[in-house]
């Protein structure tokens, strides 16, 4: 067989080996040629692993991200209305034991894991450093980290007032949200009662039925407006008709869309002027509920106050091991743990109830209102028949002298 004149036959067996492993990948992305007979390639792209700083940050964020997920799952948990049995359990003498045993499942406590671990670790580092200085394991120019406790005695009352005012302000917002929803639910019952009491005209039956559906749907629409993750189609699929639900789902402001349905239904009903005015005045309660809820959602406690409380707590616990070293030595580690767990827990409760609506049993409130109104509609004819029968029976009764009673 003919060989090429450039063929070289090796005289020895040669082996090539290398331990080099490339740390990047080169990609060539072909591009369609702009002219016939040409082919171009894009610039090479290098994929390198994350930098050490990004890797360290991702590792340090594991625990805080986990704590935030636990907290948010707890915020989306449905609350339940209290019954007589729950109140008995609530004031039971065994409640303290039950609360202690359920500590590891408390979202408030689990959300405190990152700051408490951080400050406890810092206290252990300060104690280790001071112990090393005392045992002369470090050069003599390293100072002992200790200070007088007088600054803490002077600022302890200020920190206590900050936490008290922060929690009180959050609780006031919680009470305001609860009162707003109490007015919405009571206004829904009153509005539906007055609509049912209106005398029916020929042809108004379907409009009256639709109006009652819109009234029952308003609390659910407002609940979906203020709670994150609510599904309005699922909540109202058994309340509204399909075409009404489609219009409501496409609306940017669902509660005001329901109010527009109610207003248009009232216009179509054949009512006297005074009765129409009374019914339209009930819509004011819904507008007030929307205003209060949106105000609580959009305007938090002044952020400067929240930041000041947080910074004060952080500075307090960063200097606590230094202040307590002379009196406590290594006891500063459990002392810092107890202080951080207690004070940060108070601050965390204030932050959680600052947004009141996830703390309220809105799902059960709306479901109960819908159930009560449906029951009132179902028993309306029965009650009317009972009252009419009593009136007829009473009209037939006579005194012995022949006069009607």
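Residue numbers (my numbering): 2 to 406. Note that CB positions come from ideal geometry on N, CA and C, so glycine has one too.
- Each of 290, 99, 243 and 276 was checked against the Cα of residue 198, and the nearest Cα belongs to 276.
- Boundaries cannot be given for residue 230, as no alpha helix (DSSP H) includes it and DSSP labels it neither H nor E.
- Beyond the five residues adjoining it in sequence on each side, residue 352 comes within less than 8 Å, by CB distance, of 171 and 307 in the same chain, given in chain order.
- Distance between residue 266 and residue 218, taken at the CA atoms: about 14 Å.
- If you look at residue 53, you'll find it in the alpha helix (DSSP H) that goes 53–61.
- Separation of residue 392 and residue 380 (C-alpha to C-alpha, rounded to the nearest whole angstrom) is 18 Å.
- Residue 220 places its beta carbon 7 Å or farther from that of residue 165.
- Proximity of the segment 54–74 to the segment 102–113 meets the contact definition, three or more beta-carbon pairs being nearer than 8 Å.
- Setting aside the 5 residues that flank it on each side, residue 210 has no residue in the same chain whose C-beta is closer than 7 Å to its C-beta.
- Within the model, the alpha-carbon separation for residue 124 versus residue 83 is close to 43 Å.
- Between residue 315 and residue 322, the CB-CB gap reaches or exceeds 7 Å.
- In this structure, residue 146 lies near residue 131, with their beta-carbon atoms less than 7 Å apart.
- Take residue 127, set aside five residues on each side of it, and the residues of its chain with a beta-carbon closer than 8 Å to its own are 146, 322, 323, 326 and 333, in chain order.
- For the pair residue 283 and residue 368, the Cα-to-Cα distance works out to about 21 Å.
- For residue 298, the enclosing alpha helix (DSSP H) stretches over residues 284–299.
- For the 7 Å CB-CB criterion, residue 228 and residue 338 do not form a contact.
- Rounded to the nearest whole angstrom, the C-alpha separation of residue 196 and residue 213 is 7 Å.
- Closest option to residue 374, judged by alpha-carbon separation, among 250, 240 and 156: 240.
- The DSSP assignment places no complete run of the beta strand (DSSP E) inside the segment 68–98 (cut-off: 3 residues).
- With a beta-carbon spacing of about 29 Å, residue 175 and residue 215 fall beyond the 8 Å limit used to define contacts.
- Within the same chain, Cβ atoms closer than 7 Å to the Cβ of residue 317 are found at 160, the five residues on either side in sequence being excluded.
- Assignment of residue 190 by DSSP, reduced to helix, strand and coil, places it in the helix class.
- Straight-line spacing of the CA atoms in residue 75 and residue 134 works out to 46 Å.
- For residue 148, the three-state secondary structure derived from DSSP is coil.
- The criterion of a C-beta distance shorter than 7 Å is satisfied by residue 271 and residue 202.
- Under the DSSP assignment, residue 318 falls in the alpha helix (DSSP H) whose first and last residues are 304–329.
- Excluding five sequence positions before and after residue 249, the CB atoms of its chain that fall closer than 6 Å to its own CB belong to 255 and 258, given in chain order.
- DSSP, read as helix, strand or coil, puts residue 141 in coil.
- Under the three-state reduction of DSSP output, residue 361 falls in the coil class, being neither helix nor strand.
- When the beta-carbon positions are compared, residue 342 and residue 71 stay at least 7 Å from each other.
- Going by DSSP, residue 351 is part of the alpha helix (DSSP H) stretching over 333–355.
- Here the alpha carbons of residue 206 and residue 376 stand approximately 18 Å from one another.
- In the DSSP annotation of this structure, the continuous segment of the alpha helix (DSSP H) that includes residue 117 starts and ends at 114–135.
- The C-beta of residue 299 has fewer than 16 other C-beta atoms within 10 Å across all chains shown, which makes the residue exposed.
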